[in-house]
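Throughout the sequence shown, residue numbering follows my numbering, covering -9 to 387 in sequence.
Glycine is no exception: its CB is placed at the ideal position from the N, C-alpha and C atoms.
A quick note: this is a predicted structure, and the numbers were derived from the prediction, not measured.
Reviewing the structure listed below.
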Amino acid sequence: MKTDIKYDFLNVPNRANTGAEKWRELDFRINTSNKELPENVIPFSVADMEFLTAPEIRDGLCDFIQKNVLGYTCKTDEYLKTVCSYMERKHSYRPCEEEIVETRGVVEGVFSAVRAFSDEGDGIIMLTPVYYPLYRAIEYNKRKLLNCPLLLTEEGYKVDFELFEKLAKEAKLFILCSPHNPTGRVWKNEELVHLGEICLENGVFVLSDEIHMDIVMKGHKHIMFPSISKDFANNSVVFTSPSKSFNLAGLQTSNAFVKSKEKRDLLLKALADSFAFNECGVLGYKACSIAYEKCDEWLKGALEVIETNKNLIENYIKDNIPNVTVFSLEGTYLMWLDMRKTGFSAEELEKRMKDNYLYFDEGYIFGEGGKGFERWNIACPTKYIKAALPRLKEALL
-9 MKTDIKYDFL
1 NVPNRANTGA
11 EKWRELDFRI
21 NTSNKELPEN
31 VIPFSVADME
41 FLTAPEIRDG
51 LCDFIQKNVL
61 GYTCKTDEYL
71 KTVCSYMERK
81 HSYRPCEEEI
91 VETRGVVEGV
101 FSAVRAFSDE
111 GDGIIMLTPV
121 YYPLYRAIEY
131 NKRKLLNCPL
141 LLTEEGYKVD
151 FELFEKLAKE
161 AKLFILCSPH
171 NPTGRVWKNE
181 ELVHLGEICL
191 ENGVFVLSDE
201 IHMDIVMKGH
211 KHIMFPSISK
221 DFANNSVVFT
231 SPSKSFNLAG
241 LQTSNAFVKS
251 KEKRDLLLKA
261 LADSFAFNEC
271 GVLGYKACSI
281 AYEKCDEWLK
291 GALEVIETNK
301 NLIENYIKDN
311 IPNVTVFSLE
321 GTYLMWLDMR
331 KTGFSAEELE
341 KRMKDNYLYF
351 DEGYIFGEGG
361 KGFERWNIAC
371 PTKYIKAALP
381 RLKEALL
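Listed below in structure tokens is the structure:
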């Protein structure tokens, strides 16, 4: 594995007892047990990275803080140009600057968009299993989930287009997760075209969560939904953020692209109604700008580590744990493990994992189709993956 020597992907910061969401369960175990953790144990759950912050971002923020005031701040023309230029350079799609609506995270944006573009009782399609806060966006806003389970085939997960077309006749919105979390699918152009055309034919507006857009494995390509056609662009809102790509989730900065002015005004009103005023924090703006302008090489190095971890897990499980199926990761840094052949219930699986210091995200939190699965966050130094694999084998004996 070749990475630029100025980046450290071998060590992790000690996040224990810092309030890190991913570490909460492990913190509790550390603080209530007299036992020391085995060597090289970290959690593999919440979707942020166990990598040190890119030095360009770290040093840039330190310099900014030394020279500036951390007061109320709004977006600048320079910031908007940086975001648009990044999308064009990395994803061959350049939104207009006036299309950008900032939110304090993609989840906040999706919640607000559900309120903006649908009414109570309206149907919303999702391809399940799927990222669990998206269920809450439907439930908390009193909308109706139109469940379109992905078809699990020998080649992996596929869209049930026949069912999707049937559901579209009674839907107001479609929430697309692209790349898909937790299955790791990167949707092909023809799949997105088929989904988008069905939505256009049935008057279904698309909310596309593309937060993992930069985390794509070799041989795959992420396609931004609005880049496919002008009609698709006008019939969608796309949610993006530097948080997954550059490990900046704690700065709560995201950018939605809304081409239609009418739709944009509706989203802005929904945000204002929930006291979210289309602005992010001063350090979020700065970190996003630095990431998009200066951190391509850091991201490249992180992706190399993730790809190494992916291959290591796939090969180890194939050779040593034959009753577990691992789906070849196309995008995100979240591997999806099918453990149903072990015969263990979801509750027993969870216990066995934690008894062996394996803190994954349990599959059942992603919906009915996730029962018997585990989601493994592999964005960490490879030594932690190597240490975890024998524990996984032991847990399933």
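| Item | Value |
| --- | --- |
| On a Cα-Cα basis, can you pick out the residue from Val104, Asn58, His81, Gly113 that is closest to tyrosine 399? | The structure shown does not extend to residue 399, since the chain spans only -9 to 387, so no value can be given for it. |
| Within a Cβ cutoff of 8 Å, which residues of the same chain sit near lysine 208, ignoring the five residues on either side of it in sequence? | Glu297 |
| Under the three-state reduction of DSSP, which class applies to glutamate 92: helix, strand or coil? | strand |
| Can you give, in chain order, each stretch of the alpha helix (DSSP H) that sits fully within the segment 122 to 179 and has at least 4 residues? | 123 to 129, 151 to 158 |
| Take every Cβ of the segment 104 to 113, pair it with every Cβ of the segment 342 to 357, and state whether three or more of those distances are shorter than 8 Å. | no |
| When you compare only the Cα positions, how much space is there between glutamate 294 and isoleucine 32? | 20 Å |
| Using DSSP bridges, identify the partner residues of arginine 365. | Trp326, Asp351 |
| For the segment 183 to 199 against the segment 139 to 147, are there 3 or more C-beta pairs whose distance is under 8 Å? | no |
| Just how far apart, CA to CA, sit serine 235 and glutamate 92? | 17 Å |
| Whose C-beta lies closer than 7 Å to the C-beta of lysine 284 among residues of the same chain, with five residues either side of it excluded? | Glu46 |
| Would you check if there are 3 or more beta carbon pairs closer than 8 Å linking the segment 60 to 73 to the segment 5 to 21? | no |
| If you drop the 5 nearest sequence neighbours on each side, which residues of the same chain put their C-beta closer than 6 Å to that of tyrosine 275? | Tyr69 |
| Roughly how many whole angstroms lie between the Cα atoms of valine 120 and glycine 9? | 26 Å |
| Would you please state the rounded distance, in angstroms, between the beta carbons of phenylalanine 154 and isoleucine 115? I believe it to be under 8 Å. | 7 Å |
| Out of Asn7, Tyr(-3), Ser35, which one is the CA nearest neighbour of alanine 369? | Ser35 |
| Comparing alpha-carbon positions, which option in Val227, Asp112, Leu302, Tyr(-3) lies nearest isoleucine 375? | Leu302 |
| So within the segment 192 to 266, which uninterrupted alpha helix (DSSP H) runs reach at least 4 residues, ignoring any that extend past its ends? | 220 to 224, 233 to 236, 251 to 263 |
| Considering only the beta carbon of each residue, do threonine 173 and isoleucine 201 sit closer than 8 Å? | no |
| Distance, Cα to Cα, lysine 134 vs aspartate 53? | 48 Å |
| Considering only the alpha carbon of each residue, which of Asn313, Arg330, Asp309, Asn305 lies closest to leucine 319? | Asn305 |
| With respect to the beta strand (DSSP E) encompassing glycine 333, which residues constitute its N-terminal and C-terminal limits? | From DSSP, glycine 333 is part of no beta strand (DSSP E); its letter is neither H nor E. |
| With distances taken from CA atoms, which of Leu238, Lys361, Phe350, Gly357 is nearest leucine 51? | Leu238 |
| I need the DSSP call for valine 104, collapsed to helix, strand or coil. | helix |
| As an exercise, report each continuous beta strand (DSSP E) stretch of at least 3 residues that is fully enclosed by the segment 6 to 40, in chain order. | none |
| Among residues of its own chain, excluding the 5 on either side of proline 85, which ones have a beta-carbon nearer than 7 Å to its beta-carbon? | Cys74, Met77, Phe247 |
| Under a three-way DSSP split, which group does leucine 386 fall into? | coil |
| In this structure, does DSSP put valine 316 in helix, strand or coil? | strand |
| What are the boundary residues of the beta strand (DSSP E) that leucine 117 is part of? | 113 to 118 |
| From what residue to what residue does the alpha helix (DSSP H) around valine 295 run? | 286 to 310 |
| Determine the extent of the alpha helix (DSSP H) in which serine 75 is found, giving its start and end residues. | 67 to 81 |
| Cβ of lysine 188 within 8 Å of Cβ of alanine 158? | What sits at residue 188 in the sequence shown is isoleucine, not lysine. The answer is yes: Cβ separation under 8 Å. |
| Measuring CB to CB, does valine 405 end up less than 8 Å from glutamate 26? | Given that the chain is displayed from residue -9 to residue 387, the structure contains no residue 405 and the question cannot be resolved. |
| Just the C-alpha distance for lysine 210 and glutamate 88, rounded to the nearest angstrom, thanks. | Going by the sequence as given, residue 210 is histidine instead of lysine. Near 30 Å, if we compare the C-alpha coordinates of glutamate 88 and histidine 210. |
| For glycine 61, name the three-state secondary structure that DSSP assigns. | coil |
| Please name the residue, chosen from Lys300, Gly321, Leu327, that lies closest to asparagine 313 on a Cα-to-Cα basis. | Leu327 |
| Considering only residues of the same chain and omitting the five flanking positions on each side of phenylalanine 363, which have a CB-CB separation below 7 Å? | Trp326, Leu327, Asp328, Met329, Gly353 |
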